[in-house]
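S.K.: Chains as they are written, first to last, in numbering that gives the first Met the number 0: chain A, 0 to 373; chain B, 0 to 252.
Please find one structure pasted underneath; my questions will follow.
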Amino acid sequence: MSEELKQRSAEAKIGDSQITLMKGNEAIAHAAIRYGVDGYFGYPITPQSEIIETLMDEAPWETTGMVVLQAESEVAAINMVYGGAGCGKYAMTTSSSPGMSLKQEGISYLAGAELPCLLVNVQRGGPGLGTIQPGQADYFQTVKGGGHGDYKLITLAPNSVQEMADLVGLGFELAFKYNNPACILTDGIIGQMMEKVRLPEFKARRTEAEIRKQCPWATLGKSADREPNIVTSLEMDPALMEMRNIKFQSKYKTIEENEVRYEAINCEDADYILVAFGSSARICLKTVELAREEGIKVGLIRPITLWPFPSKAICEYAQKVKGILVVEMNAGQMIEDVRLAVNGTIPVEHYGRMGGIVPTPEGVLDGFKDKIIK
Amino acid sequence: MNTSNIVSPENLVYAKPELMNDMYMHYCPGCSHGTVHKLIAEVIKELGLEDKTIGIAPVGCAVFAYKYIDIDWQEAAHGRAPAVATAVKRLNPDKMVFTYQGDGDLAAIGTAETIHAANRGENIAIIFINNGIYGMTGGQMAPTTLNKMLTSTSPTGRDVQTMGNPLKIVDLMALLDGVCYATRSSVHTAAAVRKTKKAIKLAFENAMAGKGTSIVEVVSTCSSGWKLSPTASNDWMVKNMFPVYPLGDLKNI
């Protein structure tokens, strides 16, 4: 660790190894500063405004040099991310459901121009203005491509404040590994709840020379030894545009083969499996416990990457169990991917609450008995 | 007379700007874009900023601006160039960042991004081509379209009672504290071209000096969209556009 970083760690209000109590939203902000993010561009919206508030309070422009800017709209914020990402910088934005809808145009352009960046959606219940209470109804929007065109977002689903902090780094790592936007899809529960967290160590922000080396495509000014760099998603020749799409699809296939992450809990001896992500998975952990107290052997699969989806793992577990219940705070979205993975071999049912209502472990257990055991 | 006696360095009075790429331009005959591109290429070279400049291209006729000037470019979504430029400049304060936008891009779909970037006083230059029409999509009405002007979406002429008035967005921007330089020029005569070049140069210098946002509006022709010959377009512009969009500095501090 360089002297500068050592000093930064020593001066930080929260030490590197210290365990602190904080909100998930705050953890995102701290993790971003510590990862060496270059620019944050956001717009206030509940339930995620603590992210920009924490950043403004921490004033990282005085320490790491990170730029924090409150944009005039979600639309402007995502296009600022485009500008920053086009320079090879670590650029990010955060929002909640209605704001993410506004960003979809920009996200499609980011994917089309193959720009790496980090997005965070602290979901609330919808549709429309909906509610400020938590929801998971943006699964389709995030995983299936909410903007126009054939593209994919690397989607990470944290289930704790610790993972909120950890997935910031992983998100940027994957985004830059594949030149593709990555999104942390979380919700108002994880964003607002306070938990213990150990923040990641400080990393130095990259120098321009390092960025030029890491991202030879970045628009940082044309040096005499190279052709101009053009960041664009435009190609008027359909034959070339199809080639571009084929290249994207091949990249997505590589990501699907290499980057699936999930957690399987109590699945080894399970007769039944719950599949849930994020805060629903936290609730299902308790349901697994309650079911096992009654002698029902239930396990839990928690996808950490929603795209790429752990289809193979779910397919394999489906050979060993009698039924699967998918638990989500929506009307049934991830269940479509679970059903595709299972391909009709066993019953796959859905238990969901909507509009900002959070399921209880007991409610999930009742739903499980009702829909799966019958 | 042998031309080789004439074509020699000491007789050189004009040359293609070094930063203009060797390729056919897609612009129509009589269009102002090509001239403004040339001026930008000249100014960047004269200021020695070719390795420090990042241009932000719009959606509109200038969507391919990045093909013609030999610098790094980003292609923005429609209207979003000032937001893109904001981040490029904030994250690279030592670079020269400019947007190149048409009236539909800047004054309709991108109004919010334009006003707010200028209001924050982002240290960027905005080159604004105002030809009163959506050229690229086939001559539809723009916010800058003149009263009674014929376009494909105002086929009997713009009715300001129902379709709105010509938007003088640079007048509006000149009121903002973040704007250090707002000017309106044209490129229909040699003298006008020279004036516009000076304006672009000042705008780029302001961006490097961190003085705030500069906007250079170039009142332009669109002979295809206006359905006039190039020379008739120039005359039409002088007669009809200039009274609504008078040339000159609106602000220079």
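Cβ atoms here follow ideal geometry from the backbone N, Cα and C, with glycine treated the same way.
In chain order, what residues of the same chain lie with their CB nearer than 6 Å to the CB of H349(A), ignoring the 5 residues before and after it?
M.R.: Working through the first sequence from its first residue, we reach residue 349(A) at position 350. Around H349(A): V325, G331 and I334.
S.K.: Quick check on the DSSP output: the beta strand (DSSP E) that includes S184(B) runs from which residue to which?
M.R.: Taking the first residue of the second sequence as position 1, residue 184(B) is located at position 185. Its beta strand (DSSP E) spans residues V178 to S185.
S.K.: Counting only the same chain and skipping the five closest in sequence on each side, list residues whose C-beta sits under 6 Å from that of F367(A).
M.R.: Locating residue 367(A) in the first sequence gives position 368, counting from the first residue. Counting only Cβ-Cβ distances below 6 Å, and skipping sequence neighbours, we find L324.
S.K.: I'd like the ranges of any alpha helix (DSSP H) spanning at least 4 consecutive residues and lying wholly in the segment 22 to 91 of chain B.
M.R.: Runs of the alpha helix (DSSP H) inside the segment 22 to 91 of chain B: 32 to 45, 64 to 67 and 80 to 90.
S.K.: Sorted by chain position, which residues of the same chain lie with C-beta nearer than 7 Å to E41(B)'s C-beta, five sequence neighbours on each side aside?
M.R.: Looking up residue 41(B) in the second sequence gives position 42. Taken in chain order, the residues that qualify are P16 and K196.
S.K.: State the start and end residues of the unbroken beta strand (DSSP E) segment that holds F97(B).
M.R.: Position 98 of the second sequence holds residue 97(B). M95 to G101 is the extent of the beta strand (DSSP E) around F97(B).
S.K.: To which residues of the same chain is G64(A) closer than 7 Å at the C-beta, ignoring the five residues directly before and after it?
M.R.: Taking the first residue of the first sequence as position 1, residue 64(A) is located at position 65. Excluding residues within five positions, the ones whose Cβ falls inside 7 Å are R204.
S.K.: On the premise that F203(B) lies in contact with F254(B), defined as a C-beta separation below 8 Å, what is that separation, rounded to the nearest angstrom?
M.R.: Any answer about residue 254(B) is impossible in this case: the structure gives chain B only from 0 up to 252.
S.K.: Starting from I77(A), follow the alpha helix (DSSP H) in both directions and report where the run begins and ends.
M.R.: Position 78 of the first sequence, counted from the first residue, corresponds to residue 77(A). Run containing I77(A): E73 to G85, per the alpha helix (DSSP H) assignment.
S.K.: Starting from S222(A), find everything on chain B with Cβ-Cβ shorter than 8 Å and list it in chain order.
M.R.: Residue 222(A) sits at position 223 when you count from the first residue of the first sequence. Near S222(A) (Cβ distances below 8 Å), the residues of chain B are D50.
S.K.: State the DSSP-derived secondary structure class of N256(B), mapped to helix, strand or coil.
M.R.: Outside the displayed span of chain B (0 to 252) sits residue 256(B), for which this structure offers no information.
S.K.: Between G54(B) and A61(B), what straight-line distance do the alpha-carbon atoms span, to the nearest angstrom?
M.R.: Translated into the one-based positions of the second sequence, residue 54(B) becomes position 55. Translated into the one-based positions of the second sequence, residue 61(B) becomes position 62. G54(B) and A61(B): Cα-Cα distance of roughly 12 Å.
S.K.: Alpha carbon to alpha carbon, what distance is there between D104(B) and S222(B)?
M.R.: Along the second sequence, read from residue 1 onward, the residue named residue 222(B) stands at position 223. Along the second sequence, read from residue 1 onward, the residue named residue 104(B) stands at position 105. S222(B) and D104(B): Cα-Cα distance of roughly 19 Å.
S.K.: Y42(A): which of V341(A), T92(A), P157(A) and D270(A) sits nearest, CA to CA?
M.R.: Against the first sequence, residue 42(A) aligns to sequence position 43. Of V341(A), T92(A), P157(A) and D270(A), the residue nearest in Cα terms is T92(A).
S.K.: By the three-class DSSP mapping on this structure, what secondary structure does P133(A) have?
M.R.: In the first sequence, residue 133(A) corresponds to position 134, counting from 1. DSSP places P133(A) in strand when its eight states are reduced to three.
S.K.: Which parts of the segment 142 to 221 of chain A are runs of the beta strand (DSSP E), unbroken and 3 residues or longer, counting only runs that do not cross its ends?
M.R.: Entirely contained in the segment 142 to 221 of chain A, the beta strand (DSSP E) runs reaching 3 residues are, in chain order, 153 to 155, 180 to 186 and 193 to 197.
S.K.: Suppose the cutoff is 6 Å on Cβ atoms and the five residues either side in sequence are ignored; what does the same chain contact list for D15(A) look like?
M.R.: Residue mapping note: residue 15(A) aligns to position 16 of the first sequence, counting from 1. The residues are S8 and E200.
S.K.: Quick one: using the 10 Å Cβ neighbour count with 16 as the cut-off for buried, is K167(B) buried or exposed?
M.R.: Numbered from its first residue, the second sequence carries residue 167(B) at position 168. Per the 10 Å Cβ criterion, buried.
S.K.: Can you tell me the Cα-Cα spacing of P180(A) and I153(A), whole angstroms?
M.R.: By 1-based counting over the first sequence, the position of residue 180(A) is 181. By 1-based counting over the first sequence, the position of residue 153(A) is 154. If I take the Cα positions, the gap works out to 7 Å.
S.K.: Ignore the nearest five residues each way along the sequence and tell me which others in V192(B)'s own chain have a CB closer than 8 Å to its CB.
M.R.: Numbered from 1 along the second sequence, position 193 holds the residue referred to as residue 192(B). For V192(B), where only same-chain residues beyond five positions count, the Cβ hits under 8 Å are T34, L38 and V186.
S.K.: For R385(A), which of helix, strand or coil comes out of DSSP?
M.R.: In this structure chain A extends from 0 to 373, so residue 385(A) is not present and cannot be described.
S.K.: Just to confirm the assignment, what range does the beta strand (DSSP E) spanning E112(B) have?
M.R.: Locating residue 112(B) in the second sequence gives position 113, where the first residue counts as 1. Per DSSP, E112(B) belongs to no beta strand (DSSP E); it is in the alpha helix (DSSP H), T110 to N118.
S.K.: Spatial neighbours of G124(A) within its chain, please: CB distance less than 6 Å, with the 5 preceding and 5 following residues excluded, ordered by chain position.
M.R.: Numbered from 1 along the first sequence, position 125 holds the residue referred to as residue 124(A). Counting only Cβ-Cβ distances below 6 Å, and skipping sequence neighbours, we find T130, Q132, G134, G354 and G355.
S.K.: Quick test of your reading: A117(B) and G177(B), contact by CB under 8 Å. State the CB separation rounded to the nearest angstrom.
M.R.: Here the question's residue 117(B) lines up with position 118 in the second sequence. Here the question's residue 177(B) lines up with position 178 in the second sequence. The Cβ separation is near 5 Å, so the contact holds.
S.K.: Could you give the distance in angstroms between the alpha-carbon of I114(B) and the alpha-carbon of K102(A)?
M.R.: Here residue 114(B) refers to the residue found at position 115 when the second sequence is read from its first residue. Here residue 102(A) refers to the residue found at position 103 when the first sequence is read from its first residue. Using only the alpha carbons, I get a separation of about 19 Å.
S.K.: Can you check the segment 126 to 172 of chain B for any alpha helix (DSSP H) of at least 4 residues that lies completely inside it and give the ranges in chain order?
M.R.: If we require 4 residues or more, the alpha helix (DSSP H) runs fully inside the segment 126 to 172 of chain B come out as 159 to 162.
S.K.: Exposed or buried, which one is A76(B) when buried takes at least 16 other CB atoms within 10 Å?
M.R.: Position 77 of the second sequence holds residue 76(B). Buried.
S.K.: Select from the segment 66 to 100 of chain B all residues with a C-beta closer than 7 Å to any C-beta belonging to chain A, and list them in chain order.
M.R.: For the segment 66 to 100 of chain B, which is checked against every Cβ of chain A, the residues closer than 7 Å are D69, I70, D71, W72, Q73, E74, A75, A76, R79, A82, V83, A84, T85, A86, V87, R89, L90, N91 and K94.
S.K.: Could you have a look at K22(A) and say whether DSSP puts it in helix, strand or coil?
M.R.: Reading the first sequence from its first residue, position 23 is the one you call residue 22(A). Strand, per DSSP.
S.K.: What are the boundary residues of the beta strand (DSSP E) that I123(B) is part of?
M.R.: If you number the second sequence from 1, residue 123(B) lands on position 124. Counting along the chain, I123(B) falls outside any beta strand (DSSP E), and DSSP gives it neither H nor E.
S.K.: What do you reckon, are the CB atoms on G190(A) and P46(A) nearer than 8 Å?
M.R.: Along the first sequence, read from residue 1 onward, the residue named residue 190(A) stands at position 191. Along the first sequence, read from residue 1 onward, the residue named residue 46(A) stands at position 47. Contact: yes.
S.K.: Can you have a look at L11(B) and say buried or exposed, based on whether 16 or more other CB atoms are within 10 angstroms of its CB?
M.R.: Residue mapping note: residue 11(B) aligns to position 12 of the second sequence, counting from 1. L11(B) comes out exposed.
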